[in-house]
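Since the structure comes first, as structure tokens, the remarks are kept for the end.
There are 4 protein chains.
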Amino acid sequence: MTIRVTVWGENVHERKNKVVAEVYPQTMHGTIAGFLNKEDGISASTVTLQDAEHGLTAEKIANTDVLIWWGHAAHGDVSDAVTERVAEAVWSGMGIIFLHSAHFSKPFKRLMGTPCNLSWREAGERERIWVTSRQHPIARGLPDHFELEYEEMYGEPFGVPEPLETVFISWFQGGEVFRSGLTYRRGAGNVFYFRPGHETYPSYHDGNVQKVIANAVRWAHNPEARLLKPTDAPNTPVDKALEPITERGPRLHHDGQEGFR
Amino acid sequence: MTIRVTVWGENVHERKNKVVAEVYPQTMHGTIAGFLNKEDGISASTVTLQDAEHGLTAEKIANTDVLIWWGHAAHGDVSDAVTERVAEAVWSGMGIIFLHSAHFSKPFKRLMGTPCNLSWREAGERERIWVTSRQHPIARGLPDHFELEYEEMYGEPFGVPEPLETVFISWFQGGEVFRSGLTYRRGAGNVFYFRPGHETYPSYHDGNVQKVIANAVRWAHNPEARLLKPTDAPNTPVDKALEPITERGPRLHHDGQEGFR
Amino acid sequence: MTIRVTVWGENVHERKNKVVAEVYPQTMHGTIAGFLNKEDGISASTVTLQDAEHGLTAEKIANTDVLIWWGHAAHGDVSDAVTERVAEAVWSGMGIIFLHSAHFSKPFKRLMGTPCNLSWREAGERERIWVTSRQHPIARGLPDHFELEYEEMYGEPFGVPEPLETVFISWFQGGEVFRSGLTYRRGAGNVFYFRPGHETYPSYHDGNVQKVIANAVRWAHNPEARLLKPTDAPNTPVDKALEPITERGPRLHHDGQEGFR
Amino acid sequence: MTIRVTVWGENVHERKNKVVAEVYPQTMHGTIAGFLNKEDGISASTVTLQDAEHGLTAEKIANTDVLIWWGHAAHGDVSDAVTERVAEAVWSGMGIIFLHSAHFSKPFKRLMGTPCNLSWREAGERERIWVTSRQHPIARGLPDHFELEYEEMYGEPFGVPEPLETVFISWFQGGEVFRSGLTYRRGAGNVFYFRPGHETYPSYHDGNVQKVIANAVRWAHNPEARLLKPTDAPNTPVDKALEPITERGPRLHHDGQEGFR
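Residue numbers (my numbering), protein chains in the order written: chain G, 1 to 261; chain A, 262 to 522; chain R, 523 to 783; chain W, 784 to 1044.
Laid out in structure tokens, this is it:
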């Protein structure tokens, strides 16, 4: 089975910033989709903020097994409607991977329920990423640590909920640490946050970073059928109760009435 | 130190539904504040949906250590601004307890990042609540299980993230189960969900239910100072790095510039 | 890739108890291996307590991707050496599934670090198993609940650590609840506990139970290479530090000396 | 209420190693008990490996609310009987704090169910400890990070289960990271692991380290009554079932018979 990946790119700095355009002549999302398309069993396409509905139409979402999100300068331009559509798709079973500055994207904050803040420094310093969960599927084929010579620093405290698993922790040259790989589940959807990828550095050209993202795609993919109504709260009538019961006491609702929301 | 509790009541059914008014002549929020005020070290007040800013002004929130939330019929009438204010206060360290149908309240959904849905049946059936985490502070003084003879059924799957701890699980006469006591942490704030409390039944007059809520208040209370800026993402300049580093490579940001959000 | 499963059977009641022999004429482990061998990509064999080294020689363990454990009457007859070998294999990446009364087996208690106790009643009562984690790989293809008309009751509190995920919760006719499907990770190994399977009832002939066990095999399988030395605590010499440092201060250890254990 | 703390010291290097004796003239356990006894509401005493039953008689354990464990050179000299007694006390509700090289102590490994291994280097390098869980009770009164100029390095991967909460992560001068403050619950007992404290360095004279340990004592203390039989698996007879049921099907056990263990 082929995993259908959609790489969502903000696509702002690639067009406006000469440095970024030189590092990523194929754009960032294009670069990510490019190396994923070299993987067996993965088929990746790209959409951007500037597309109609930011490229995330109901149809596109329905045909996406795993969504990858990179944004930085224009989080506020993402519509609330698309944010909710993405969240609902995750609850239904779509996998999602948030990269780097997507920690402040609307969908990530929506799914975490926390500020998702951190400290940061843009100084091209060394980052060393340690595997903390040995033989985790997302760390497949990696050494016990790897380095990115030039990266932006992200420092703790990272304002996210306790994860299911901490897969990576980063060491920074300037003295900080950061939980760089975190797994969550939201509804039927698997969520992975991965730290590297400041747009002025060539992190998405790095072989280990590419390996993590490809691994994460496979990990995040839920092959089960997408839930049709992930937010439904069904009423179970008394006469269909699994064990025989008799209705007692006062009621607010009439038979067949919907609950309050 | 006295824990300052604010009980937020939707205060709709107490006024409009005769049954509810008879079960809770002091209102539901009034009943909850009433038994909490008999506890040593707890001082509880009430506010309602109908108050200006739903009673949750910045000042009231600043003077609330633990907020208790009960709502059902009018979740949609709670303003987004107050919802965000509550979420920020939790991230800053305010404790919060969501009761029963507050599973669908805006603040709970905001903090969970999930649909928070469930199945339900209003039949006055027996609920038996089992303690699953022995000697947990929220289960203090309880037997290993207790019963509510008349309750609404809530059934799994409950659309919430994996909790830090599962403290209670309910058995229902009609054949369902439900995770009735769940702990979370969101930022510096402790969050507890507790299931019982359908408005047509006298659950908040029950001694064990009252014990759980009083215990949960003490558990949720974070005595640390409230965080002043829980959503800040501070920049750490290169010349103040903890380890001496030299700036390298291209930059997006100027010195002293704020990050994108 | 074929997943190599070893089903470990205590094989006591099948030989000594007429009822059990009639319910499981192919033995319990034989029955489990039998339905697994009908699955694509799974190859299952059986070993028993009575085999040399209980069938779990170093070679057999090395050739097992997922071990399934059922025991009840003779937990104490399992040697500590084999228990440690199993635990080390799990830390190295072998998956393991504990069924029913294996909650009190030596390997389960070893891996949990807790008493693993529960309450119980043998009355042939109805058990209804609810899926609490929608679209979880272990719940693949299941309805939202299923029933076993005759089962032993296991009741909370279940003396285990908080799991990574709660996948199933059981309702019992006599009034109890139980967390029936729990996931853990221990080292590189995935661990699943699944409740049903009292030996006098035909639970392992039930299609849904069989589906859960087959799903769990796929979930527990870690395709990564087994760790060679899962308990090693390597010394990293100063002259091989990743960042240049100078040794300072007093030392306990000489160069190349092993650490204390 | 006064929290009764017992500090367990291995007490080997203090007597045999001149460096350690000079850094800790009052011994390590004596130093720890000393600063704890300056705290309001804490009363600390010490016992050592060399005492009868390592100082952890049934009576001493019964009168200990929180046990602190430091050991390094002589883990193997701790008897299995005392290890089990400690584990049972934790399951009953005794708090326990493991310091530094106690990661390889028998009680820690017993409670974790994992190898508890790590990488290490003894070079007197700088450690910087970051708070990852803001306003956590164990981080009370701490800055967002603090430094120990001379420490032993411990590096990831740390062979422990996913914790309830990650409270601290360390940065090391030589390039490693480590999860330095981790919380667990085992039965009714709270467990905290805290990394610093190599015996040749003065870490337990550091004010921030002392603050963490005092905070952890208060966090780990479970004021509930100790469970009397934390490993019991009680049978619930059919005629005392909470809901009326009739015994059906074949049985293994006679009325009143104990279960297998």
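Yeah, the Cβ is synthetic: ideal placement off N, Cα and C, and Gly gets one too.
A distance below 6 Å between beta-carbons, with the five flanking residues on each side excluded, links Leu360/A to the following residues of its chain, in chain order: Trp331, Phe455, Gly458. Following the DSSP letters along the chain, one finds Val739/R inside the alpha helix (DSSP H) bounded by residues 729–742.
In the DSSP assignment, Glu842/W falls within the unbroken alpha helix (DSSP H) covering 841–845. Ala827/W is bridged by DSSP to Val788/W. The Cβ of Arg1031/W sits no closer than 8 Å to any Cβ of chain G.
Per DSSP, the beta bridge partners of Ser692/R are Ile651/R, Phe700/R. Of the candidates Leu686/R, Trp652/R, Pro759/R, the residue whose Cα lies closest to the Cα of Gly416/A is Trp652/R. Annotation: Cβ neighbours of Thr166/G in chain W (cutoff 8 Å, chain order): Glu945, Thr949, Arg962.
Non-local C-beta neighbours of Arg179/G in its own chain, meaning closer than 6 Å and more than five positions away in sequence, comprise Phe158, Thr166, Ile169, ordered along the chain. As the crow flies, the alpha-carbon of His1036/W is around 12 Å from that of Gly646/R.
According to the DSSP assignment, Met94/G belongs to no alpha helix (DSSP H), since it is labelled neither H nor E.
Cβ contact annotation for Ile3/G (same chain, cutoff 8 Å, sequence separation greater than five): Gly41, Ile42, Ser43, Asp65, Val66, Val217, Arg218, His221, in chain order. Contact between Gly958/W and Arg128/G holds, since their C-beta atoms are separated by about 6 Å, short of 8 Å. Annotated three-state conformation of Val795/W is coil, per DSSP. Listed along the chain, the chain G residues whose CB falls inside 7 Å of the CB of Val795/W amount to none; the nearest CB is some 31 Å away.
By the CB criterion at 8 Å, Gly817/W and Gly876/W fall outside the cutoff. Under the Cβ criterion (8 Å, minimum of three pairs), the segment 853–863 of chain W counts as touching the segment 792–805 of chain W.
Rounded to the nearest angstrom, the Cβ distance from Leu664/R to Asn730/R is 6 Å, consistent with a contact under 8 Å. Taking the C-beta atoms as reference points, His29/G is found nearer than 8 Å to Thr48/G. Of the residues assessed, Met1/G falls on the exposed side of the cut-off, its CB having fewer than 16 other CB atoms within 10 angstroms. Rounded to the nearest whole angstrom, the C-alpha separation of Trp352/A and Glu561/R is 48 Å. Residues of the segment 885–905 of chain W that bring their beta carbon within less than 8 Å of a beta carbon in chain R comprise Phe887, Arg893, Leu894, Met895, Gly896, Thr897, Pro898, Asn900, Leu901, Ser902, Trp903, Arg904, Glu905, in sequence order. Each of Leu1025/W, Gln993/W, Ser986/W was checked against the Cα of Glu932/W, and the nearest Cα belongs to Ser986/W. In the DSSP assignment, Met414/A is bridged to Arg382/A. The contact set of Arg401/A on chain R, defined by CB atoms closer than 8 Å, is empty, because the minimum CB distance reaches about 15 Å. The C-alpha of Val347/A is placed about 10 Å away from the C-alpha of Arg371/A. Each of Glu1026/W, Ala1016/W, Ile1028/W, Leu965/W was checked against the Cα of Gln1040/W, and the nearest Cα belongs to Ala1016/W. Using a Cβ-Cβ cut-off of 8 Å, Ile96/G does not count as an interface residue toward chain A, since no Cβ of chain A sits closer than that to its own.
Bounds of the alpha helix (DSSP H) holding Val806/W are 801–806. Arg708/R is positioned such that its CB atom lies closer than 8 Å to that of Pro944/W. Distance from the CA atom of Thr292/A to the CA atom of Ala313/A, rounded to whole angstroms, is 22 Å. By the rule that beta-carbons nearer than 8 Å mark a contact, Tyr933/W touches chain R.
Annotation for Phe455/A: the continuous beta strand (DSSP E) segment containing it runs 450–455. Look at Asn1005/W: its C-beta is not under 8 Å from any C-beta on chain R.
At a cut-off of 8 Å between C-beta atoms, Pro196/G does not count as an interface residue with respect to chain A.
Rounded to the nearest angstrom, the Cβ distance from Asn1018/W to Trp693/R is 20 Å, too far for a contact under 8 Å.
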